[in-house]
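Chemist: One structure is given below, represented as structure tokens, and several questions about it will come after.
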Amino acid sequence: MKKYYFGNIEKETEENDNFRKVIFTGEKSQLVLMSLPVGCDIGMETHQNVDQFFRIESGKGKVIIDGEELEFSDNFAFVVPAKAEHNVINTGDEEVKLYTIYSPANHIEGRIHKTKEEAEADTEDEDFGHSIQ
Numbered sequence: 054m055k056k057y058y059f060g061n062i063e064k065e066t067e068e069n070d071n072f073r074k075v076i077f078t079g080e081k082s083q084l085v086l087m088s089l090p091v092g093c094d095i096g097m098e099t100h101q102n103v104d105q106f107f108r109i110e111s112g113k114g115k116v117i118i119d120g121e122e123l124e125f126s127d128n129f130a131f132v133v134p135a136k137a138e139h140n141v142i143n144t145g146d147e148e149v150k151l152y153t154i155y156s157p158a159n160h161i162e163g164r165i166h167k168t169k170e171e172a173e174a175d176t177e178d179e180d181f182g183h184s185i186q
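As structure tokens, then:
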């Protein structure tokens, strides 16, 4: 495990074509790149003990937080507190490129999921997230 993250987060986010790519895991937080194809969403989810910060580098869509729908575009950010049901949906005509910070970590260090389907099939990673919530 790396002791810190240092990099051009905007460039790394824009160049990421994976649905989910964990690039740093610390003791109390985790940095993850995501790319959502047109029409894709992360899936409605709730993290019991994890706050989650999102930064949209590019793309358009909507976030649903506890039933409230909010539209976003390039350079928007939002925070989803623990216990809030949420989903991020690409409603635009290009990929949504974003990074997210989980506090504490929610995925296995170094884990890469090329597609949403691959992420959903990864029961080991899902168990990791549930074990810390």
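Going letter by letter, the sequence shown gives residues 54 to 186 in the working numbering.
Where a beta carbon is used, it is the ideal one built from N, C-alpha and C, also for glycine.
1. Please look up how many angstroms separate the CB atoms of Q105 and T144, rounded, as I've assumed it's under 8 Å.
2. Output needed for D94: all residues of its chain with C-beta closer than 6 Å, excluding positions within five of it in sequence on either side, in chain order.
3. According to the neighbour-count rule (16 or more other Cβ atoms, all chains shown, within 10 Å of its Cβ), is G96 buried or exposed?
4. Which runs of the beta strand (DSSP E) fall wholly inside the segment 98 to 150 and span at least 3 residues, in chain order?
5. Spell out a yes or no on whether the segment 67 to 84 and the segment 145 to 165 are touching, meaning 3 or more CB-CB pairs, one atom from each, closer than 8 Å.
Modeler: In terms of the structure at hand:
1. Their Cβ separation, rounded to whole angstroms, is 20 Å, which puts Q105 and T144 out of contact at 8 Å.
2. Once the five neighbours on either side are set aside, the close Cβ partners of D94 are N140 and I142.
3. exposed
4. At a cut-off of 3 residues, the continuous stretches assigned as beta strand (DSSP E) that sit fully inside the segment 98 to 150 are 104 to 111, 114 to 118, 121 to 125, 130 to 133 and 139 to 143.
5. Result yes; three or more Cβ-Cβ pairs closer than 8 Å.
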